[in-house]
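The block underneath contains the structure these notes are about, expressed in C-alpha cells.
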Amino acid sequence: MAVIPLERKPLTLIERTYVPQIVAGLKTTLTHLLRPKETLEYPEQRPAIPAGYRGVPTLVKDPHGREKCVSCQLCEFVCPPKAIRITPGEIAPGAPTSHVEKAPQEFEIDMLRCIYCGMCQEVCPEEAIFLQNQFSMTGYTREEMVNNKARLYELGGTLPDQHHKWDKKKTAEEHGNDRH
Amino acid sequence: MIAPLKPDLITVNIDGKEIAVPKGTNAIEAARLVGVDVPYYCYHPKLSVVGNCRMCLIEIGMPAVDPATKTPIMDPATGKQKINWIPRPQIGCATNASPGLHIRTNTAQIKDCREGVMEFLLVNHPLDCPICDQAGECKLQEQSTGYGRGYSRYVEQKNFKPKRTQLGPRVMLDDERCILCSRCIRFCKEVVKDDVLGFIDRGSYSTLTCFPGKALENNYSLNTVDICPVGALTSTDFRFKMRVWFLKQTNSIDTESSVGANTVVWSREGVIYRITPRPNDGVNDTWMADTGRELFKAVRAPNRLTAVKLDGLDTSLEVALNSAGAILKAAGRTVALVGSGRSSVEEHSLARKLAETLGASTHMVSRIGEGDRMLISGDRNPNVRGALVVGLIKKLPTEKLTALGGAIDTGAVTVVVSLGEDLHAAGLTAAQLAKVKIIYLGTHADTTTKAAQVVVPTLTVFEKSGTLVNQQFRLQKFAKCVPGPAGATDDLAVLAKLVVTAGGTATLGDLPNVWASLATTVAGLAAISYATLPDTGLLLDSTPFASLPFCEGETFHYQPAATTATMKV
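As you go down the protein sequences, you meet chains H and G in turn. Position one of the first sequence corresponds to residue 0 (numbering that gives the first Met the number 0), numbered consecutively onward. Position one of the second sequence corresponds to residue 0 (numbering that gives the first Met the number 0), numbered consecutively onward.
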C-alpha cells in the first residue's frame with residue numbers, strides 16, 4: 000500500500016499566539032458559568048424521584064401501625080430472580096391484630112438478586128410491598144445486602160390505606176350478625 | 000357409597016359423545032370418562048350422595064317412545080330418535096346411568112345455573128385467600144374461575160361466623176369459609192363411625208360444629224381436612240407453614256403399619272411439610288390415619304444419626320466399613336444379623352446376602368399393637384412379608400430376641416449386625432450388649448448405638464427409594480422425597496459394601512442392580528422391576544406363606560385368612 004506523506008500546514012501568526020483558542024474556550028466556560036446548574040451535589044443533594052419509580056422493595060405498615068403483609072408468599076412465588084424468602088407465621092391469639100391470623104415471621108429480600116422488576120408490588124393482594132424512592136443500596140458484605148423484615152419496615156414506613164379491609168373485618172367480628 | 004359396578008355395560012350420551020359404562024354409574028364419573036368436567040363440591044366418590052351443593056347441575060333426557068306402542072319417536076329434522084329433555088336441570092351426583100341416558104353440560108341454562116350457584120356460595124365467603132391455607136388447592140377458587148361470573152354484585156355486609164374454632168387436637172375450623180357441603184360430617188359418620196360433627200342454625204347462619212361435649216379427635220380426623228373443598232377445615236400442624244404451590248409431591252408409603260397406605264409427601268427444598276393420602280382402591284381408598292402424617296418429623300429429629308462412628312469416635316465411612324469387615328471376618332460363624340421389619344425389600348435381599356456370606360443367623364423384631372380395623376393393622380412393621388418373600392427370615396419375627404440373648408450368653412454369637420433395631424429395647428440386657436461387638440446401621444440414636452463398635456448412619460424412608468410388601472402381599476413402591484442429611488449414606492450402598500468387606504461377592508448397591516438380581520434369585524419377584532411397578536402396587540403370590548400365623552386383624556380391603564379358620568372352630 001502506498002504511503003502518502005502529508006505536509007503539516009504551518010500555523011499563522013495569530014494561531015501561534017493561541018489567543019483565539021483561549022478566548023473560544025473561555026467563552027464556553029463563561030456561558031456554562033452563567034447557565035443554571037445541571038448537576039447535583041450528590042450525595043448531599045438528592046434528585047427528585049418521579050412517581051412510579053421502582054426503587055428498593057420495602058414493606059409498609061397501615062396508618063394504625065399494623066403490618067400489612069400476611070405472608071401469602073405470592074411475591075416469593077412471582078419473584079423472577081427468587082430474591083424473596085418468607086417464613087410464614089401465625090399472629091398470637093391475644094395480639095390486637097389477631098383477627099388477621101397470619102403475618103411473616105421473617106421476610107428477606109436479597110438485594111444482590113433483586114432486579115427491581117416490581118412484580119412483587121404488582122402481585123401483592125394486601126398492598127404491603129412497594130418499590131419506593133430508595134435507589135442506592137450499598138454494603139460491605141453479602142449479608143448486609145439482604146434486607147430482613149425489620150430493615151424492610153424501616154425502609155418502607157407507613158403508607159395510606161385505601162381499603163381498610165381488616166379494620167372492616169374486625170368491626171364486623173365485634174359487631175356480630177343481626178341475629179335472628 | 001357407590002354400589003359395586005355391575006358388568007352389564009350400557010351406552011350413555013354425554014355432550015354428544017357416546018360411552019359405554021356399567022349400569023348405575025354416577026353421571027359425574029361417566030362424564031369424567033369422556034373428559035367432560037362436571038364441577039361439584041359435596042359429591043365424593045367414597046361417601047354417600049347428598050346433593051346439597053347444587054354445583055353439578057346437568058340437563059338429562061331420555062329417548063322418546065310412544066307411550067302406547069312403545070315404538071321410538073323419530074325426530075324428522077335429524078332422522079334420529081327424539082330426546083325428551085327434562086326442562087329443569089338435575090344434579091349429576093344423584094343421576095345414575097341408565098340405557099340411552101342423554102346428558103348435556105354445555106348449554107346456556109347449565110352455564111347460568113353454575114354461575115348462580117357460585118354466586119350464592121360466594122355471598123358469605125370471606126376474602127381470606129391470602130391467609131387461607133387452602134389457596135392453591137381450593138375447589139371454590141378453581142371453580143369460581145372456571146364457572147363463576149367473574150365479578151361480585153354483592154354489596155351488603157357479609158355474615159360473621161366463628162373463626163379459629165379448634166374442633167379437635169389436629170383440626171381447626173373457620174366457619175366463615177365453610178360452604179356446607181357436609182363431606183366432613185358424612186366422613187365421620189360413614190367411614191370412621193364417629194358421629195361428632197353437625198350443622199346448627201338455618202339458612203345463611205348454618206354453622207358446622209361439634210356436638211356438645213364431643214371433639215373431632217379420632218385418628219382419622221385429618222381426612223376431613225383433605226376432603227374439605229374449601230379452607231374451612233385446616234390442619235393445625237400444617238397451618239400457616241407453607242403455601243401448597245411451592246411443594247413438590249412425591250409418592251410414598253405409610254410405614255406405620257403393615258397396611259401400607261399410599262401417601263403423597265409434600266416437600267420444598269429438602270424439607271417435608273406434610274403427608275396426605277394417595278387414592279388406591281385396593282388398599283386405603285382415599286384415606287389415611289393421622290398418626291402416619293406425623294412420621295416425617297423423624298427426619299429432622301434431634302437424635303438423628305449423622306456421623307459415622309468407630310468405637311465412639313468420628314471416622315470416615317470407608318474406615319468404618321473396613322473395620323466392620325474385619326470384625327465380621329474375625330468372628331467366623333458366630334455372627335447374628337438382626338434385620339428390621341421397617342427395611343425395604345431391596346435392603347432385606349442385601350441383608351440376606353450378607354447373612355449368607357457370613358453364615359449368620361437371622362433375627363427380626365416384631366412390633367405388635369392393636370389394629371383399629373381401618374387403616375392401622377396389628378403389625379406395626381411395614382415390611383415383614385418383604386423379608387419372608389426374599390427369604391431373609393423363614394418364620395414370623397418375635398417380640399423379644401430371647402433366642403439371640405441365649406446364644407450371646409453361651410458365646411455362640413460374638414458379633415451382632417443390627418439394621419436399625421434397638422437391641423436393648425428388643426430384650427437384650429446391657430450385659431449381653433457389652434459381651435458382643437455390635438455393628439449398627441440405622442437412622443436414630445438409641446441405647447444400641449451407644450454400645451455399638453461401628454455406627455453407620457443411613458436414610459429414612461423419605462430419603463430413599465424402594466419397595467415394601469404390605470399385609471395383602473401387595474408390593475408397593477416409595478420414592479425418594481428429600482435428600483438425606485450430610486453424613487448419612489443410602490442403606491443399599493452400605494450393605495453392598497459391607498457384603499464385599501465381609502468377603503462376599505461384589506454387588507452394586509443401587510436399585511436397578513438389586514432388582515436385576517432379585518428377579519433372578521427370588522421366584523416370587525421374577526419379571527418385576529422397580530421402574531415398571533405400578534403406582535398402585537402389585538399383588539404377589541401369598542400361598543407359600545399361607546401357613547404362617549400373621550397377627551393382623553381385619554382392616555379395609557383385608558380379611559385375614561386366620562379369622563375364617565378360627566370361625567369354623
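Cβ atoms here follow ideal geometry from the backbone N, Cα and C, with glycine treated the same way. Keep in mind it's a predicted model, so treat the numbers as computed, not measured.
So which residues of chain H does G:P363 contact, with C-beta pairs closer than 7 Å? In the sequence on display, residue 363 of chain G carries Met and not Pro. Correct list: empty, because the minimum Cβ distance to chain H is about 42 Å.
Go through its chain and collect everything with a Cβ distance to G:R277's Cβ below 7 Å, but skip five positions before and after it. N250, N261, T262 and V263
For G:K213, which residues from the same chain have a beta carbon less than 8 Å from its beta carbon, with the 5 sequence-adjacent residues on both sides left out? Shown here for G:K213: same chain residues with a beta carbon closer than 8 Å to its own, the five before and five after excluded, namely V195 in chain order.
Of the listed residues G:R372, G:R169 and G:G377, nearest to G:F237 (C-alpha basis): G:R169
Chain G contact residues for H:V69, given Cβ-Cβ distances below 9 Å: P129 and I130
Listed from N- to C-terminal order along the chain, which residues in the region 213-244 of chain G have their beta-carbon within a distance smaller than 8 Å of any beta-carbon of chain H? Within the region 213-244 of chain G, the qualifying residues are R238, F239, K240, M241, R242 and W244.
Nearest-angstrom Cα separation, counted from G:N12 out to G:N95: G:N95 and G:N12 have their C-alpha atoms spaced approximately 13 Å apart.
Quick check: is the beta carbon of G:Q248 nearer than 8 Å to any beta carbon in chain H? No - not a single Cβ of chain H is within 8 Å of the one on G:Q248.
Min CB distance H:G175 to chain G below 8 Å: yes
By a C-beta neighbour count over all protein chains shown, 10 Å radius and 16 as the cutoff for buried, is G:G149 buried or exposed? Residue burial annotation: G:G149 is exposed, with fewer than 16 other C-beta atoms found within 10 angstroms of its C-beta.
G:K16 (DSSP reduced to helix, strand or coil): strand
Below 8 Å between beta carbons: does that hold for G:K352 and G:G503? yes
Along the region 144-173 of chain H, what residues have a CB closer than 8 Å to any CB found in chain G? K164, K168, A171 and E172
Three-way DSSP call (helix, strand, coil) for G:Q165 in this model: G:Q165: strand per DSSP, three-state reduction.
Beta-carbon contacts of G:E573 that lie in its chain and below 7 Å, excluding the five residues immediately before and after: Outside the displayed span of chain G (0 to 568) sits residue 573 of chain G, for which this structure offers no information.
In or out: H:L25 buried (at least 16 other Cβ within 10 Å) or exposed? H:L25 should be labelled exposed.
Compare the beta carbon distance of G:P62 and G:R113 with 8 Å and say whether it is the shorter of the two. Not closer than 8 Å, so no.
Would you call H:Y115 buried or exposed, if buried means 16 or more other Cβ atoms sit within 10 Å of its Cβ? When all chains shown are included, H:Y115 counts as exposed.
Thinking C-beta only, is G:G377 closer than 8 Å to G:G552? The answer is yes: Cβ separation under 8 Å.
For G:T293, three-class secondary structure by DSSP: For the sequence presented, residue 293 of chain G should be read as Glu rather than Thr. G:E293: helix per DSSP, three-state reduction.
Is the separation between the beta-carbon of H:Q85 and that of H:P103 shorter than 8 Å? The sequence given here has Ile at residue 85 of chain H, not Gln. For H:I85 and H:P103, yes; Cβs fall inside 8 Å.
Counting Cβ pairs, one atom from each stretch, are 3 or more of them under 8 Å apart for the region 142-159 of chain G and the region 142-155 of chain H? no
List the endpoints of the continuous alpha helix (DSSP H) containing H:E153. K148 to G155
With three or more C-beta pairs closer than 8 Å as the rule, is the region 418-438 of chain G touching the region 329-348 of chain G? Cβ pair count under 8 Å is three or more, so yes.
What are the residues of the region 115-138 of chain H that lie near chain G, defined by any Cβ-Cβ distance shorter than 8 Å? Those residues of the region 115-138 of chain H that come within reach of chain G (Cβ to Cβ, closer than 8 Å) are P124 and E125.
Given that G:Q133 touches chain H, what residues does it touch there, using C-beta distances under 8 Å? By Cβ distance, chain H contributes nothing, its closest Cβ being about 12 Å from G:Q133, past 8 Å.
G:N469 CB to nearest chain H CB: under 8 Å? no
For the region 207-272 of chain G, which segments carrying the alpha helix (DSSP H) assignment without a break, of at least 4 residues, lie completely within its bounds, in sequence order? Listed in chain order, the alpha helix (DSSP H) elements of length 4 or more contained wholly in the region 207-272 of chain G are 221-226.
Please state whether the Cβ-Cβ distance between G:A319 and G:V334 is less than 8 Å. no
Do you know whose CA, among G:L467, G:D225 and G:G230, lies nearest G:M285's CA? Before going on, a small fix: residue 285 of chain G reads as Thr here, not Met. Selected option, being the one with the closest Cα: G:D225.
Tell me the DSSP secondary structure of G:Y39 in three-state form. coil
Identify whether H:V145 lies in helix, strand or coil by the three-state DSSP scheme. H:V145 falls in the strand class under three-state DSSP.
Strand pairing of G:A335, partner residues [DSSP]: G:S360 and G:V415
Going along the chain, which unbroken runs of the beta strand (DSSP E) with 3 or more residues stay wholly within the region 108-187 of chain G? 170-172
Based on Cα-Cα distance, which residue from G:V122, G:N321 and G:S181 lies nearest to G:K496? G:N321
Could you have a look at G:L304 and say whether DSSP puts it in helix, strand or coil? coil
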